[in-house]
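Going line by line, the protein sequences match chains R and B. Just so you know, we're using the working numbering here: the first sequence kicks off at 93 and counts up by one. Just so you know, we're using the working numbering here: the second sequence kicks off at 169 and counts up by one. Worksheet for the structure shown next.
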Amino acid sequence: MFSNLDFDVIRRSLGFLFLDGMTFTLTLTGLAALGGLIFGTMIALMRLSSYRLLGRIAGLYVDFMRSLPLVLVIFWFYFLVPYIGQWLTGSSRPIRVGAFASSLITFIMFEAAYFSEIMRAGIQSISKGQPAAASALGLTYAQSMRYVVLPQAFRNMLPVLLTQTIVLFQDTSLVYVLSIPDFLGAASTVAQRDGRLVEMYLFAALVYFTISCFASFGVRRLQARIAIVR
Amino acid sequence: MIEINHVNKWYGPNFQALKDCTTSVAKGEVVVVCGPSGSGKSTLIKCVNALEPIQDGEIILDGIKVNDPKTDLPKLRARVGMVFQHFELFPHLKIIENLCLAQEKVLGRSHDEAMTKGTKLLDRVGLKDHARKHPAELSGGQQQRVAIARALAMDPIAMLFDEPTSALDPEMISEVLDVMVDLAREGMTMMVVTHEMGFANKVADRVIFMDRGEIVEDALKTDFFGKPRSDRAQKFLSKILSH
Chain R
93 MFSNLDFDVI
103 RRSLGFLFLD
113 GMTFTLTLTG
123 LAALGGLIFG
133 TMIALMRLSS
143 YRLLGRIAGL
153 YVDFMRSLPL
163 VLVIFWFYFL
173 VPYIGQWLTG
183 SSRPIRVGAF
193 ASSLITFIMF
203 EAAYFSEIMR
213 AGIQSISKGQ
223 PAAASALGLT
233 YAQSMRYVVL
243 PQAFRNMLPV
253 LLTQTIVLFQ
263 DTSLVYVLSI
273 PDFLGAASTV
283 AQRDGRLVEM
293 YLFAALVYFT
303 ISCFASFGVR
313 RLQARIAIVR
Chain B
169 MIEINHVNKW
179 YGPNFQALKD
189 CTTSVAKGEV
199 VVVCGPSGSG
209 KSTLIKCVNA
219 LEPIQDGEII
229 LDGIKVNDPK
239 TDLPKLRARV
249 GMVFQHFELF
259 PHLKIIENLC
269 LAQEKVLGRS
279 HDEAMTKGTK
289 LLDRVGLKDH
299 ARKHPAELSG
309 GQQQRVAIAR
319 ALAMDPIAML
329 FDEPTSALDP
339 EMISEVLDVM
349 VDLAREGMTM
359 MVVTHEMGFA
369 NKVADRVIFM
379 DRGEIVEDAL
389 KTDFFGKPRS
399 DRAQKFLSKI
409 LSH
C-alpha cells in the first residue's frame, strides 16, 4: 500500500515547514509559556492572598478557564477581541487584531490558569518559616515574595512547569482553526496542495513526537539534578 | 527597650495562647524565657516583632507601639534581630548572600558595604571559609551561627531567640551557645526562649517561667534558681535539672 506514497514532498517543503511553521510554533510556545507563567504567578498570589475577594475572583477565573475546551476559547477569542477592543477604546469600528496576537493572548490567558495552580502548589510547598524569617529581617511582603518565596517555589516546580510547557507546545497546533501557518498548519497546507495527506500528517506526527519526547527526557534529567542539589 | 503590657492572644475563639502577660526587657538586659512546651513562650517572643498578632494589650519596642496599625512593621522588624528554631536560612542563596539580602534591600546598603559587613560577621562566628556555600552544605550548628550573623548584619538594637538550640544535635549546641554568650557579654539586649539552663545561669539577668499562657514567675536569675516561688516552676526546674 506504500508503493504510491511520495515522501519526497517532505524534502521539497522542509524550508516552509520549519522556517515558517516551526518558527511560529516555537515562538508562540515560548511567549505563551512566559506570559502564562507571569500572569499565572499573579493569579496564584491572588488566590493565596488574605483578601478573600481577590482569592474568590482568581478561583473563579481558574475554574472558568479549566472548564472550557481550548479550541473553543481560541475560536471565540479571535472573534470577540475586536469587539471588546472596540468597546474599550470607544472606536466606531471593531479594532483589527492579528491572528498571531489573538492566539498569543488566548494561550497566555488559558495557560495562566494551569500555571497558577502549579505556582500555588509551589508557594505552598515553602515552609511558613521562610516568609517569617524574611519578615523578621524587615523585608516587605512584596520583597519576601520576590527574593525568598517565589525563587524557591519556581525552582521546586520547574520540572512540572516544563512538562506543562510541552503540553502547551502540542496544544499550539489548535491555532489551525484560525488558519494560521504554524507547523501543523504549514504541513496541512502542503498536504492539501499536493494531495499528500498521509505523508505530511505522518511526518508532522513524527516531528511533534520527537521534540516532545526529547524535551520530556531533558525534564527528567533536570529533575534528577534538582533532587540531588536539595 | 521591650515592654509587654497585659497582652492577651487567642488562636480561634476557644484557645487562649497568652493570658494577661506583662513583663519588660531593659536595654542591655538578657532575659531567658522558659517553660513546658505549649506554654506560650514562643508565641510571646513572636509577638514582640509582630510575627504573631495580639488581640489585647500592648507591646512597645524602643518607644514604638508594635500593635498599632499605623506602625511601619517592616521598618520596625529590621531593627530587631530574630533567630529561629529551624534556622530559616534561605536555601537558594549562598551563605554570604543570605547575609547581604536584607542589608541591601531593606537598609539600602551598597553591595560592597554589605559584603564587607557580612564577611566580618561570618568571621566572627567562625564561618568565613563557608561564605560561598549553600546552607544545605553546612551542619545545623553552623547554619544557626550563620542565622545569628545574618540577624547581626542589620545592626539590631535587640535580639530575639526562639529556641535556637532545640533543633540541634547535642554536640552542636555549645558552638551556638558560645556565640550567644559572647553577644550577651558585649551588652546586647536579648530575649531568649530556651531550655538551656546552663546558658541562663551563665548570662541571664532575669528568668521568666511560663505555663499555660501565663507568666508564672518573673525573677532575677539568682532568685529563680535559688528559690522559685511557684510550685509549677519548682516542678519544672526539678525535672530539667535532675539529669
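The beta-carbon is built from N, C-alpha and C at its ideal position, and this holds for glycine as well.
Check whether residue i and residue j have beta carbons under 9 Å apart
i, j, result
"R:F199", "R:T264", "yes"
"R:A213", "R:F108", "no"
"B:H302", "B:H260", "yes"
"B:L241", "B:V251", "no"
"R:V267", "R:A193", "no"
"R:I130", "R:M138", "no"
"B:P332", "B:T362", "yes"
"B:V175", "B:L212", "yes"
"B:G415", "B:A321", "Residue 415 of chain B cannot be examined here, being either before or after the span of chain B that is shown, 169 to 411."
"R:G147", "R:S141", "yes"
"R:M299", "R:V101", "The sequence shown places Val at residue 299 of chain R, not Met. No. Outside cutoff."
"B:S210", "B:R380", "no"
"B:L219", "R:G230", "no"
"B:V193", "B:M169", "yes"
"B:F377", "B:E364", "no"
"R:F246", "R:M211", "yes"
"B:M348", "B:M358", "yes"
"B:G225", "B:N173", "yes"
"B:L388", "B:V375", "yes"
"R:L127", "R:A205", "It is Gly, not Leu, that sits at residue 127 of chain R in the sequence shown. It is not a contact, given that the beta carbons lie outside the stated cut-off."
"B:A315", "B:E256", "yes"
"R:P251", "R:I303", "no"
"B:M356", "B:G203", "no"
Per-residue contacts from residue i into chain B (C-beta, under 8 Å)
i, result
"R:S265", "In chain order: nothing, as chain B lies at least about 36 Å away."
heavy atom of the ligand NAP below 8 Å from residue i C-beta
i, result
"R:R212", "Of ligands this structure carries none, so the ligand NAP is not represented either."
Burial state of residue i (16 or more Cβ within 10 Å)
i, result
"R:G113", "buried"
"B:F329", "buried"
"B:H298", "buried"
"B:Q310", "buried"
"R:Y170", "buried"
"R:Y239", "buried"
"R:P37", "Outside the shown range of chain R, which is 93 to 322, sits residue 37 of chain R, and nothing can be said about it."
"B:I263", "buried"
"R:V269", "exposed"
"B:P221", "exposed"
"B:P324", "buried"
"B:N182", "exposed"
"B:P237", "exposed"
"B:R318", "buried"
"B:K214", "buried"
"B:N217", "buried"
"R:Q284", "exposed"
"B:N266", "buried"
"R:C305", "exposed"
Chain R contact residues for residue i, given Cβ-Cβ distances below 7 Å
i, result
"B:P242", "G230, L231 and T232"
"B:L269", "Y239"
"B:V274", "L229, G230 and L231"
"B:F404", "Within chain R, no residue comes near B:F404; the closest Cβ sits about 27 Å away, beyond 7 Å."
"B:M250", "A228"
Residues that residue i contacts on chain R, provided the C-beta gap is smaller than 9 Å
i, result
"B:E468", "A question about residue 468 of chain B goes unanswered here, because the residues of chain B that appear run from 169 up to 411."
"B:M283", "Going along chain R, no residue has its Cβ under 9 Å from B:M283, so there is no contact; the nearest lies around 17 Å."
Partner residues on chain R for residue i, Cβ-Cβ distance less than 8 Å
i, result
"B:A143", "Any answer about residue 143 of chain B is impossible in this case: the structure gives chain B only from 169 up to 411."
"B:F367", "Going along chain R, no residue has its Cβ under 8 Å from B:F367, so there is no contact; the nearest lies around 21 Å."
Any chain C beta carbon closer than 9 Å to residue i
i, result
"R:P273", "Here the protein chains are R and B, and chain C is not one of them."
Problem set entry | Against chain R: residues of the segment 213-236 of chain B by CB proximity under 7 Å | Across the segment 213-236 of chain B, CB contacts with chain R closer than 7 Å involve N217 and L219, in sequence order along the chain.
For this session: Taking only beta carbons into account, state which residues of the segment 231-258 of chain R come closer than 7 Å to chain B, listed in chain order.
Result: Listed in chain order, the positions of the segment 231-258 of chain R with a beta carbon within less than 7 Å of a beta carbon of chain B are L231, T232, Q235, Y239, V240, P243, Q244 and R247.
Exercise. What residues in the segment 316-340 of chain B bring their beta carbon closer than 7 Å to a beta carbon of chain R?
Worked result: Answer set for the segment 316-340 of chain B: M322.
Problem set entry | Secondary structure, alpha helix (DSSP H): runs of 4+ residues fully inside the segment 183-256 of chain R | Fully enclosed alpha helix (DSSP H) runs of 4 or longer: 191-216 and 221-228.
For this session: Note down, one range per segment and in chain order, each alpha helix (DSSP H) of at least 4 residues found wholly within the segment 183-259 of chain B.
Result: Listed in chain order, they are 209-216 and 241-245.
For this session: Enumerate, from N- to C-terminal direction, the unbroken beta strand (DSSP E) stretches of 3 or more residues contained entirely within the segment 254-335 of chain B.
Result: Counting whole runs of 3 or more residues, the segment 254-335 of chain B contains the beta strand (DSSP E) stretches 326-330.
Exercise. Which whole runs of the alpha helix (DSSP H) in the segment 141-171 of chain R are 4 residues long or more, in chain order?
Worked result: You should have 144-158.
Exercise. Fully enclosed by the segment 340-393 of chain B, which beta strand (DSSP E) runs are 3 residues long or longer?
Worked result: Whole beta strand (DSSP E) segments, 3+ residues: 358-361, 374-379 and 382-388.
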